[in-house]
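In terms of the numbering used here, the sequence shown is numbered consecutively and its last residue is 403. Structure, as structure tokens:
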Amino acid sequence: HPYLQQRWQSFDAETAPLVRHAFWPGQELTPYTLDLLKEFDALHLLGKRNIQLSNGELRKIELIRCLGKKPRLLVIDNAFVGLDAASRELLMQLLEQVASQCTLVLLALPQDELPAVIQRRLYCRQMRLVPALDTPALKAGPLPLSFAGRGGEGELVKLQQVHVAYGDTQIFENLNWTIRAGEHWALLGPNGSGKSTLLSLIVADKPQAYARDIYLFGRRKGSGESIWDLKRKMAYISPELHQFLPRQRPVAQVLVDDLAWLYPGIDRQEVARNARRWMQWFGLHISGQRPFGSLSSGEQRLLLFIRVLLYPFELLIADEPCQGLDEAHIQLLRQVFHHLARHSRIATVFVTHRQEELPETTTLLFDMQLVD
């Protein structure tokens, strides 16, 4: 979607509303809301442009706004998604406090940890309440398509002494990172550490990237290369991506048509057949004519992961790919990463706040807490 590129344009960062005005327009912040902002270490976010918030920072602000209203009924869908370990622990404590003041309803996945104050559990499968949830059996056998022999050679990404700042706020400086063909990285760091900004230097048309010492697939960024030639070699998924797709767009169009134009001469019928194979392998029985927006967030994220597998790429960057997925689908997703590591030269970057989600083939670590 074009906005994924425009998101990082400098004029957006200057004209987008401040978090303070976007989330509390014309309102005075109550002492309780200010206390929540301090507890979540989010007070400084009020002065940021809302477009500059990372996924985790945005989640914090949304939760603080809801908690600050002191509602009589509080319903939270996937309360802990996108939060780092410290923020998850803090939210757990706050939910236990507010449970005595309101009715609390949490929508969660079977593997999620819940606050001790939760008294009753309802289990839902296929739009029906059931007595309990059985863990579905994981699929055995090979992937529907092989990636054997695919991938690039040499250095795919190289950042040297890179620094990024918004006004007087330093995001990071003196950052060095090289990703080579066949390497498999974990990108870690707490909310607000700069992970989203770092990824934007690589995958988006971020203006600051052209004034930095950044090389993509052997060419310095801004040396005359086509941004679309670079994007053809990269596959990228993120928690926000599904939010930018029109809700009424049919699933088949999202999977096949939205990216096919990047690859002249590609056989769209073959792409469609492969899409159906992947959907069956992941256990998604969804009509191609169904509106994308009618799916659950987990189904949407799985479909967008399937979409990147349909096209040739040398580098796969997966930002929080397990968000909203149950344990069975997380294991299937990890199996794809295992295959890429064992049978191809494709490089991968896996971003997560939960190290237990990392594929066992992940051997390299880039921790944003260690970046000055």
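Quick reminder that beta carbons are idealized off the backbone N, C-alpha and C, glycines included.
**Asked** Looking at Pro390 and Arg365, is the spacing between their C-beta atoms short of 8 Å?
**Response** yes
**Message:** Using a Cβ-Cβ cutoff of less than 6 Å, which residues in the same chain neighbour Leu346 once the five nearest sequence positions on both sides are dropped?
**Reply:** Leu187, Met265, Ala378
**Asked** Going by alpha carbons, who is nearest to Gly183 out of Leu261, Leu396, Leu74?
**Response** Leu261
**Message:** Applying the 10 Å Cβ sphere with the 16-neighbour rule, what's the burial state of Pro295?
**Reply:** exposed
**Request:** Taking 8 Å as the threshold, find out whether the region 113 to 120 comes into contact with the region 216 to 223 through three or more Cβ pairs.
**Result:** yes
**Item:** Buried/exposed call for Phe275, threshold 16 Cβ in 10 Å
**Value:** exposed
**Message:** Once DSSP output is grouped into helix, strand and coil, what is the label at Ala378?
**Reply:** Looking at Ala378 - three-state DSSP - the assignment turns out to be strand.
**Asked** Which residue from Gly249, Gln142, Phe178 puts its Cα closest to that of Ile361?
**Response** Comparing Cα-Cα distances from Ile361 to each of Gly249, Gln142, Phe178, the minimum goes to Gln142.
**Prompt:** Would you report the Cα separation of Ala73 and Gln300, rounded to the nearest angstrom?
**Reply:** 48 Å
**Request:** Could you check the C-alpha separation between Thr228 and Leu138 for me, to the nearest Å?
**Result:** 30 Å
**Asked** Per DSSP, Lys262 forms a beta bridge with which residues?
**Response** Partner(s): none; Lys262 has no beta bridge.
**Item:** Beta bridge counterpart(s) of Lys189 as assigned by DSSP
**Value:** Thr209, Tyr246
**Request:** With DSSP collapsed to three states, give me the class of Phe178.
**Result:** Reduced to three states, the DSSP call for Phe178 is coil.
**Request:** Look up Asp72 in the DSSP assignment and say whether it is helix, strand or coil.
**Result:** coil
**Asked** At what residue ranges does the region 100 to 148 contain a whole run of the alpha helix (DSSP H), taking only runs of 4 or more?
**Response** 116 to 129
**Asked** Name the DSSP bridge partner or partners of Leu396?
**Response** Answer by DSSP bridge pairing, in chain order: Ala217.
**Asked** What are the residues that DSSP puts in a beta bridge with Pro63?
**Response** Sequence check: residue 63 is Tyr here, not Pro. None; Tyr63 has no bridge partner.
**Request:** Could you say which of His316, Gln284, Ser327, Trp259 lies nearest to Gly355 if we only look at CA atoms?
**Result:** Ser327
**Message:** If distances are taken between C-alpha atoms only, which option among Arg152, Leu84, Ala117, Asp66 comes closest to Ala53?
**Reply:** Leu84
**Asked** Would you call the CB atoms of Leu334 and Val282 closer than 8 Å?
**Response** yes
**Buried/exposed call for His215, threshold 16 Cβ in 10 Å** = buried
**Message:** If the criterion is Cβ atoms closer than 8 Å, does the pair Trp292 and Leu340 meet it?
**Reply:** no
**Prompt:** Do the region 199 to 208 and the region 367 to 385 touch if we need at least three Cβ pairs shorter than 8 Å?
**Reply:** no
**Prompt:** Taking all protein chains shown into account, do 16 or more other C-beta atoms lie within 10 angstroms of the C-beta of Thr393, making it buried, or fewer, making it exposed?
**Reply:** buried
**Burial state of Glu144 (16 or more Cβ within 10 Å)** = exposed
**Prompt:** Skipping 5 residues on each side, what residues in its chain have a beta carbon closer than 8 Å to that of Leu49?
**Reply:** Leu77, Gly78, Lys79, Arg80, Asn81
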